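The sequence shown runs 41 to 157 under our numbering. The beta carbon of each residue, even a glycine, is placed where N, CA and C say it ideally should be. Fair warning: this is a prediction, and the values are worked out from it, not measured in the lab.
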Amino acid sequence: VQLQASGGGLVQSGGSLRLSCAASGSVFGASVMGWYRQAPGKQRELVATITSGGNTRYADSVEGRFTISRDNTKNTVRLQMSDLQPEDTAVYYCNIKRLVTPVYTYWGQGTQVTVSS
41 VQLQASGGGL VQSGGSLRLS CAASGSVFGA SVMGWYRQAP GKQRELVATI
91 TSGGNTRYAD SVEGRFTISR DNTKNTVRLQ MSDLQPEDTA VYYCNIKRLV
141 TPVYTYWGQG TQVTVSS
């Protein structure tokens, strides 16, 4: 499985960005797709995930500002980010995982999001 992410960039505080990620290869159903981020000097943290059934989970820090969605027919996941703040600055990574056989976890290459104050 390969993940191709796009959509990062530089935005002012209060602005919006949308990240997209497309999965290709042997993608099976019943997978969880999501976004994680890593700021300089910090550990990678969960931002949001979505199951193939549409159940979502958000980090407290982004709840109400970010929205995750997916298209199962195209194996894509998107993250709409609004009201961005400087503390959202990080490299954002797309992730897909499957917790039933065949079990797997794959990461995308990361896309930089920078929010200026």
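Asked, Found
"Test item: CB-CB of Cys134 and Leu43 under 8 Å", "yes"
"CB contact flag (Ala99, Val87, <8 Å)", "yes"
"Ala62 beta carbon less than 8 Å from that of Asn115", "yes"
"Option nearest Gly65 by Cα separation, candidates Thr151, Val153, Arg77 and Tyr144", "Tyr144"
"6 Å Cβ shell around Thr154 - same chain, five flanking residues per side excluded", "Leu50 and Thr129"
"Residue span of the beta strand (DSSP E) that contains Phe106, given as start and end", "Phe106 to Asp111"
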